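Single-structure report; data block below.
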Amino acid sequence: MFQQLDFSVFHSDNAAEREGLCSQLVSNLKQFGFARLVNVGIPLGDIDRAFEISRVFFQLPLSEKLKSPHPPTANPHRGYSAFGIENVSAISNHGTCIARPLLKDMKESYDIGSQEDALYDNIWPPPGVHDAFQPAFTSFFSTCYRAQLSILKAISIGLALPEQTLSQLHTEQANELRLTHYPTVPRGDFSHSTRIAAHTDFGTITLLFQDDVGGLQVELPSGSGKFVDIASGGRYECILNVGDCLHLWTGLRSARHRVHLPASGNAGKTADSEDDVVDERYSIAYFAKPNRSASLRPLLQDAGARAEGVSYMTAGEFQQMRISGTY
1 MFQQLDFSVF
11 HSDNAAEREG
21 LCSQLVSNLK
31 QFGFARLVNV
41 GIPLGDIDRA
51 FEISRVFFQL
61 PLSEKLKSPH
71 PPTANPHRGY
81 SAFGIENVSA
91 ISNHGTCIAR
101 PLLKDMKESY
111 DIGSQEDALY
121 DNIWPPPGVH
131 DAFQPAFTSF
141 FSTCYRAQLS
151 ILKAISIGLA
161 LPEQTLSQLH
171 TEQANELRLT
181 HYPTVPRGDF
191 SHSTRIAAHT
201 DFGTITLLFQ
211 DDVGGLQVEL
221 PSGSGKFVDI
231 ASGGRYECIL
241 NVGDCLHLWT
251 GLRSARHRVH
261 LPASGNAGKT
271 ADSEDDVVDE
281 RYSIAYFAKP
291 NRSASLRPLL
301 QDAGARAEGV
311 SYMTAGEFQQ
321 MRISGTY
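Quick note: the sequence shown uses full-length UniProt numbering, first residue 1, plus one each step.
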């Protein structure tokens, strides 16, 4: 149902193939709100190393992980968040509250920003906790940023905009990298919980890498409340999500998505069986976000009204509004 696109074609010397890839990419984003990509420009060895370094960190004792804690407020969005600290189900797309009772997100995470971010410093594990962590993810962040710029150029071309339209709105590296670990838990514990509740992403695009455990779902059709499985293509596949800022700029849909329970691998076991457990899951998400001062004024006529004299929210204001309900 969801085709996989080879993004290496974007760097082809064949102009027709390059433009065809851009058109296919935007077509998928218009239809589904996401696209499945391979060969986005991040070396496979770098992806392997990022998953391994993340796994080692999350396997540390909680006391060690808490030596680099996320602040108790939404900003700065940096450091380690233990289970139950963040609640994505408290907010849906564009600030719309989800009906109570809220679902508890069964995950722990670590948020990292660019070393070039002038507003927020990173929170790293202190020396002796996991010394490979900081250099590995400083490097991985930079690699993701370069891939992001190429993808934004491809989207601009596919929308018949000048190639630099979107990339020039992302020069300040206000982006974020999130490592997430969903623990192994009994399936019965999910009666009032989920791995991560349905939501849209706040920024421009998201580059999501995941293991092969499964559970990622997208709402189709939009607004229907019906969720469709996105089969995992493994850690080398990149799921490219449209974020709210790109939606506001271009009208491309920012699809609601969630991480739900994969099908039970223990046939014949009841939901209350101690042996019926949901396997642990790891993912790495790179959130490309606009310069904080960038206006969210529509870039296309059909993306929304572009009345002269109207004051549009900046990307920084929008991000603050969206994230404030999650901590």
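Positions of the beta carbon are idealized from the N, C-alpha and C atoms, including for glycine. Being a predicted model, the structure only gives us computed values, none of them experimental.
Close beta carbons around residue i, own chain, < 6 Å, minus the five adjacent residues each side
i, result
"L208", "I239 and A285"
"S167", "L149, L152 and K153"
"V83", "One point to set straight first is that residue 83 is Phe, not Val, in the sequence displayed. Result list for F83: E108, in chain order."
Three-state secondary structure assigned by DSSP to residue i
i, result
"residue 343", "The displayed coordinates of the chain run from 1 to 327. Any statement about residue 343 would go beyond what the structure contains."
"Q59", "coil"
"D111", "strand"
"T165", "coil"
"A35", "strand"
"Q4", "strand"
"Y312", "coil"
"T96", "The predicted model places T96 with a pLDDT of 47, which falls under 50 and marks its position as unreliable; any figure quoted below should be read in that light. T96 falls in the coil class under three-state DSSP."
"G45", "helix"
"Y80", "strand"
"S54", "helix"
"P135", "helix"
"residue 336", "The requested residue 336 does not occur in the structure, where the chain is confined to residues 1 to 327."
"S295", "strand"
Close-in-space but distant-in-sequence residues of the same chain around residue i (CB under 8 Å, 5 per side omitted)
i, result
"S232", "Q210, D211, D212, V213, G214 and L216"
"P126", "K67 and S68"
"E163", "K153, S156 and I157"
Test item: CB-CB of residue i and residue j under 7 Å
i, j, result
"D201", "N241", "yes"
"C245", "P183", "no"
"R256", "E219", "yes"
"V26", "G223", "no"
"I196", "V278", "no"
"G203", "A288", "yes"
"R78", "I123", "yes"
"E176", "G113", "yes"
"L300", "Y312", "no"
"F133", "I42", "no"
"R36", "F57", "no"
"S109", "T180", "yes"
"Q31", "L5", "no"
"R322", "A174", "no"
Same chain, Cβ closer than 7 Å to residue i, five either side skipped, listed in chain order
i, result
"A294", "L169, T314 and A315"
"S8", "N39"
"C144", "I42, L177, L207 and Y286"
"P76", "Y120"
"R55", "Y282"
"E116", "Q173"
"T250", "L159, L299, L300 and A303"
Residue burial classification, residue i (beta-carbon count within 10 angstroms, cutoff 16)
i, result
"Y236", "exposed"
"H11", "exposed"
"G45", "exposed"
"S139", "exposed"
"G234", "exposed"
"S81", "buried"
"Q319", "buried"
"L62", "exposed"
**Asked** If you scan the UniProt domain "Fe2OG dioxygenase" (173-290) from start to end, which runs of the beta strand (DSSP E) of 3 or more residues do you find wholly inside it?
**Response** If we require 3 residues or more, the beta strand (DSSP E) runs fully inside the UniProt domain "Fe2OG dioxygenase" (173-290) come out as 176-182, 196-199, 205-210, 216-219, 227-229, 238-242, 257-259 and 281-288.
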